[in-house]
Amino acid sequence: MRTKWRRRVLLGTTGTVVVVVLALGAAGYYYSGLVIDPVHTTTYPIQITAVGDGQVTLKGGGDTGAPGTYGLTWAGGNAVLGEAISVGAGTVTRAVEKVRSGDLRPGVSAYLDRWMWGEGTPESVGVPYQEVGVKSPLGVFPTWRTEGTSDTWVIAVHGRNGGRGEALRILPTLHDLGHPVLAITYRNDEDAPASPDGRFHLGATEWEDVRAAMDYARTQGARKFVLYGWSMGGGISAMTARRLPDAGVTALILDSPVLDWRSPIALGARQMGVPGFLTTVGQWVIMARTGLSFDDLDHVEHAAEFDLPILIFVDHDDATVPVDRAQAFARARPDLTTLVETKGGGHTGSWNVDPDAYERAVREFLRSPR
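Take the position in the sequence shown, starting the count at 1, then add 710; the result is the number in my numbering.
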C-alpha cells in the first residue's frame, strides 16, 4: 500500500515538475522572441484631435510632451513639430513648423518620429545620394551613399527593427564636414537578406555586414572609418571595432547604444511585469536559439579592448536602454570616452532635445586630432 502511495506521489510530483518546466520554457521562448525576432510593422499610437493656427493637439502615446523638435508621421504624411505649447487632460498641443507631405487633420493616427522625416531619404535633408548595393556573404544589402572629400568614411548603423532613416538627422552635419557616408542595411532588415535562422544575433553576427560596407568603401577610395551607431547599431559598431582592430576604424559615435544586452532585456521585462527569474529563463532561451554569448556582447566588460576615441550620447529618460552601462563604460575608459548626457528626449532622442548642441558635439569630436 505504501509503495503504491509513494509511486503516486512521485508520479504526481514528476508531472508537476514537467508542467512547470514546459510552462517556463514556453514563456521564455515567447519572451526571447520579443528580443530576437525581427518585426517590420508600424504602429500609430497617437490620435490627432485638433489642427489649426500652426498647432496640433495629440492624444495618446507616452512621449508627446517631450522637449525639443520631432517629426509627426502618419500613413502617407509627415510634419515637423516644434516645442509643446500646452498640456491638457491626456493631450499635448505642439507647434507645427511644417507639413512636409500628406493631410494633417483630426482623426488621423500617427507616431512621434525621432528620426523626423518618416519615409524620407537623404534628399529630405538636402543631401544628394545614390542607392548602391553592398555585397555581403548573405547577399546584396541596399545602402545610401553620400559623397564627400575626405578619405574617412562614416558607416551609419541603425537600431534594431529600424532603418537607414535613423541617420537622416546627422547627415547634413557629416556632409558639411566632408565625410562620405554609407547608411547601411544589415541582415533581417525589411529590404535586406535574412540571416540563416531569420533572427537577430544582437551584434554577434551583424557586424559582418558592417565589414562588407567597409570593404565596399575601400574600393571607392576610403582609407579610414568612423562607425556611427544608434541603439543596437551602437552595439554592432562596437563589436565591429573589437573584431577588426586593424581595419582602419579611427573613432566610434554611439547614440543610446546597447553596450550590454542584459540591461535592456531586464528593463523591458520589468516594464511588462515579467518576474526576474523568467527574464533569466528568457536569456537562456535566447542563447539556445542563437548560440550567442551575453558575456561576449558585454562591451563594458571588454572595455580594455578598445583603443580609439568614442563619443557616446545618452538620454536620462531613455525607457528602452538604461544609461548606466554607457556611464560604466565611460568610467572604465575615461581616456577614450566623451559622454554627452541629455534629458527628456528618450531613446535616441538626444538630437531632438537640442539639435545644435548635438551637432556641435559631433563636429568637435570629428575635427579633433587622432
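Every residue, glycine too, gets a C-beta built ideally from N, C-alpha and C. In this text, all values refer to a predicted model and were calculated from it rather than measured experimentally.
Taking the alpha-carbon positions, what's the D925 to F935 distance?
-> 11 Å
Could you say which of A923, A794, T783 lies nearest to S811 if we only look at CA atoms?
-> T783
Taking the alpha-carbon positions, what's the D970 to F1039 distance?
-> 10 Å
Check G986 in the structure and name its three-state DSSP category.
-> helix
Whole-angstrom distance between A805 and G798, CA atom to CA atom = 15 Å
Helix, strand or coil at T752 [DSSP, three-state] | coil
Are at least three pairs of beta-carbons, each pair with one atom in the segment 936–943 and one in the segment 863–871, less than 8 Å apart?
-> yes
Give the DSSP bridge partners of N1120, in chain order.
-> The structure shown has nothing for residue 1120, since the chain only spans 711 to 1080.
Exposure of G778, with buried meaning 16 or more beta-carbon neighbours within 10 Å | buried
With DSSP run on the structure shown, which of helix, strand or coil describes I758?
-> strand
With respect to the alpha helix (DSSP H) encompassing T950, which residues constitute its N-terminal and C-terminal limits?
-> 942–953
State the CB to CB distance for the pair L881 and P832, rounded to an integer number of angstroms; the pair is presumed to be in contact (CB under 8 Å).
-> 6 Å
Would a C-beta distance cut-off of 8 Å place I894 and T853 closer than the cut-off?
-> yes
Just the C-alpha distance for V984 and G1054, rounded to the nearest angstrom, thanks.
-> 26 Å
Cα-Cα separation, G771 to V1024 | 21 Å
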